[in-house]
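Asker:
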Amino acid sequence: MTPLSLDQPWGRGLSATHEHLFADGDALPTKNFLPRGLGRSYGDVCVNDGGALLHSFRRDRLISFDEVHGVLRCEAGASLADIAQVMVPRGWFPSVVPGTRYVTVGGAIANDVHGKNHHIAGTFGRSVQSIKLRRSDTGAREIGTTDPTFGATVAGLGLTGLIEEATLQLGVLPGPGIAQDTTVFGGAGNIDDYVSLDEASSAWPYTVGWIDTLDPGLRGVFFRGEHCDGPDEWLAPQPAKFTMPVDAPGWVLGRWSAKAFNSVYYRAQSMRTARRETVPLWQFFFPLDAVTAWNRVYGKRGFVQYQFVVPREAARESVPKILSHLRESRVASYLAVIKSFAAIASPGLMSFPMPGVTVALDVPGPNDADRRALDRADAMVADVGGRVYAAKDARMSSVMFKRFYPQWEALEAARDPAICSSFWRRVTR
Ligand SMILES: Cc1cc2nc3c(=O)[nH]c(=O)nc-3n(C[C@H](O)[C@H](O)[C@H](O)COP(=O)(O)OP(=O)(O)OC[C@H]3O[C@@H](n4cnc5c(N)ncnc54)[C@H](O)[C@@H]3O)c2cc1C
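Under the working numbering, think of the first position of the sequence shown as 645, with each following residue one higher.
Here it is, written out as structure tokens:
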């Protein structure tokens, strides 16, 4: 698996020039480089304009596996796609997966990614037992969970060194199916229905909602799922069904097409006859992987994914407020995801999740007015003690970043002096 574009992040929309190096041997560059996985971060945490990218995806061996306890040692360039493909038929699955399987273990650690089971399992970093980290100044060493460098490396945005290997606890998999339950919600302009559904589903291992942020009623669809058995052909991932062959032209993207798209999606979901069905786990966890290069749907100008979290006490009031601010500012938004985070401590110093509600929305080719509206949304998020997710960001100001992550100086102190990213230069200046 190679990244789709070596110079851009997944959200595209920015151009950068890099020297491309491969993490094949033991020597690290001595200046201005950034470790890179599969470039599935939406913004510039995986970009180092004017410097080097040290690609790790060729270092992808699965080194050893303890079949009794489900403990895997692998190189950090292995992707969750590789791991799942090998482990699903053996009855194991990564403990936490994001919405695409095309991320490396190194990338999943460096952003401390979360998935649909945050309320049960917390973040990816919690499944990491140890890391082999190589720095340009002190060389390689194994770090366990009690080592302070562990906390700086998990959600450390690649800045503390090259993660070469990791030991991961996988989860037991009863079968390749997911029993999925779907409920439509909302219409009253608040998130009360969503919160009630979510609270009533806390025993389900996987929960997530889709919300139409352009609808003043904030209608949505709530999904919950649990592992179950399924036919043997579901053990292997189905290949992508479609490749986006060209960039969509800019004129098809905008507020009206977003509104139309959201309406069609909502109607399709509300008219479905089966509210409970069994689907292959690949489809449940990674629906977007069915379309290769789906980021071209947003055209050459790319898109910003705006993901924020607000504390639980503030969520009922502030989420509708922030979404109506964006709607009234005429910010177009397609697929928006809503999810609750539980009070499960993340091991990373800079981890994004906090107990509360997170919303992630795609804004195609943002213009100046969209950017101003997003800046204002940042302030609304900060005012209630929330934060914006660095893995998705390409635009937040340095002032806001420092409000969201006041602990950033501790990461700066732990940074490998030869490593930097466009993101880090932008938000710490
Ligand atoms: C369709 C889609 C859905 C997604 N859904 C979710 C989701 O549900 N939850 C979520 O949390 N995220 C989600 N993401 C974001 C994605 O999971 C993260 O951005 C992830 O970190 C990308 O991994 P990568 O291997 O592509 O790393 P890259 O994007 O290449 O790099 C990410 C960071 O990791 C660092 N890094 C990479 N490899 C190493 C290494 N070996 N050593 C040290 N540092 C390294 C880089 O320097 C960079 O800072 C999604 C992304 C997409 C495209």
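For glycine and all other residues, C-beta sits at the position ideal for the given N, C-alpha and C. Since the model is a prediction, treat every value here as computed from it, not as a measurement.
(1) Within this structure, are the beta carbons of Asp651 and His662 separated by less than 8 Å?
(2) Residues in its own chain within less than 6 Å of Gly853 by CB, not counting five upstream and five downstream?
(3) For Arg770, which residues in the same chain have their Cβ closer than 8 Å to its Cβ, ignoring the five residues on either side in sequence?
(4) Nearest to Val1071 by CA position, among Ala784, Arg684, Ile787, Ala1034, is which residue?
(5) Are at least three pairs of beta-carbons, each pair with one atom in the segment 944-962 and one in the segment 720-728, less than 8 Å apart?
(6) Given this structure, state the Cα-to-Cα distance separating Ala1013 from Met1044, to the nearest angstrom.
(7) Residues in its own chain within less than 6 Å of Arg703 by CB, not counting five upstream and five downstream?
(8) Should Asn755 be counted as a contact of ligand 1 given a C-beta to heavy atom distance under 7 Å?
(9) Spatial neighbours of Ala1023 within its chain, please: C-beta separation below 8 Å, excluding the five flanking residues on both sides.
(10) From which residue to which residue does the beta strand (DSSP E) around Ser708 run?
(11) For Ile775 and Arg1059, what's the separation of their Cα atoms in angstroms?
(12) Looking at ligand 1, does it come within less than 7 Å of Cys1064, judged from the CB to the closest heavy atom?
(13) Any idea what DSSP makes of Ala660, helix, strand or coil?
(14) Under the rule that 16 or more other beta-carbon atoms within 10 Å means buried, what is Thr674, buried or exposed?
(15) How close, in whole Å, do the beta carbons of Val1003 and Val963 come, if the pair is a contact with beta carbons under 8 Å?
(16) Pro883 by DSSP, collapsed to three states: which one?
(17) Taking all protein chains shown into account, decide if Asn1011 is buried (16 or more other Cβ within 10 angstroms of its Cβ) or exposed.
(18) Hey, out of His762, Thr857, Val798, whose CA is closest to Trp848's CA?
(19) Just checking, does the segment 803-812 make contact with the segment 745-761 on the three C-beta pairs under 8 Å criterion?
(20) Which word fits Ala912, buried or exposed, when buried means at least 16 other C-beta atoms lie within 10 angstroms of its C-beta?
(21) Counting C-beta neighbours from all protein chains within 10 Å, is the total for Gly695 16 or more, i.e. buried, or is it exposed?
(22) Suppose the cutoff is 8 Å on Cβ atoms and the five residues either side in sequence are ignored; what does the same chain contact list for Leu858 look like?
(23) Looking at the structure shown, is Gln652 part of a helix, part of a strand, or coil, going by DSSP?
(24) Is the beta carbon of Val772 less than 8 Å from the beta carbon of Val732?
Answerer: Inspection of the coordinates gives the following:
(1) For the purposes of this step, residue 651 is identified with residue 7 of the sequence shown, where counting begins at 1. For the purposes of this step, residue 662 is identified with residue 18 of the sequence shown, where counting begins at 1. Taking 8 Å as the Cβ cut-off, Asp651 and His662 qualify as a contacting pair.
(2) As a first step, residue 853 is located in the sequence shown; it is residue number 209 there, counting from the start. Within the same chain, Gly853 has close Cβ partners Tyr838, Gly864, Phe866, Ile982.
(3) Indexing the sequence shown from 1 puts residue 770 at position 126. Correct list, in chain order: Ser739, Val740, Ile988, Ser990, Pro991.
(4) Counting from one through the sequence shown, the residue named residue 1071 turns up at place 427. Closest by alpha carbon: Ala1034.
(5) no
(6) To locate residue 1013, count along the sequence shown from 1; it is residue 369. To locate residue 1044, count along the sequence shown from 1; it is residue 400. Cα-Cα distance, rounded: 18 Å.
(7) Numbered from its first residue, the sequence shown carries residue 703 at position 59. Same-chain partners within the cutoff: Ala667, Glu719, Gly721.
(8) The residue given as residue 755 occupies position 111 in the sequence shown. Result yes, Cβ under 7 Å from ligand 1.
(9) Translated into the one-based positions of the sequence shown, residue 1023 becomes position 379. Counting only Cβ-Cβ distances below 8 Å, and skipping sequence neighbours, we find Met1044.
(10) As a working mapping, residue 708 is identified with position 64 in the sequence shown. Start and end: 706-710.
(11) As a first step, residue 775 must be located in the sequence shown, where it is residue number 131. As a first step, residue 1059 must be located in the sequence shown, where it is residue number 415. Taking the straight line joining both Cα atoms gives about 16 Å.
(12) Residue 1064 sits at position 420 when you count from the first residue of the sequence shown. Checking the Cβ of Cys1064 against ligand 1 gives no.
(13) Within the sequence shown, numbered from 1, the residue matching residue 660 stands at position 16. The answer is coil: DSSP assigns Ala660 none of H, G, I, E or B.
(14) As a working note, residue 674 is residue 30 in the sequence shown. By the 10 Å Cβ count, Thr674 comes out exposed.
(15) To locate residue 1003, count along the sequence shown from 1; it is residue 359. To locate residue 963, count along the sequence shown from 1; it is residue 319. Between Val963 and Val1003 the Cβ distance is about 6 Å, and since that is below 8 Å, they are a contact.
(16) On the sequence shown, position 239 is the one that residue 883 refers to. Pro883: coil per DSSP, three-state reduction.
(17) Numbered from its first residue, the sequence shown carries residue 1011 at position 367. Asn1011 should be labelled exposed.
(18) Working through the sequence shown from its first residue, we reach residue 848 at position 204. For the residues His762, Thr857, Val798, the minimum Cα distance to Trp848 belongs to His762.
(19) yes
(20) Here residue 912 corresponds to residue number 268 of the sequence shown, with the count starting at 1. Looking at its Cβ environment, which holds fewer than 16 other Cβ atoms inside 10 Å, Ala912 is exposed.
(21) Reading the sequence shown from its first residue, position 51 is the one you call residue 695. So Gly695 counts as buried.
(22) Stepping through the sequence shown from its first residue, residue 858 is reached at position 214. So the qualifying residues of the chain are Arg899, Ala902, Lys903, Asn906, Arg971, Ala976, Ser977.
(23) The residue given as residue 652 occupies position 8 in the sequence shown. Of the three classes helix, strand and coil, the one that applies to Gln652 here is coil, per DSSP.
(24) Along the sequence shown, one-based indexing puts residue 772 at 128. Along the sequence shown, one-based indexing puts residue 732 at 88. No.
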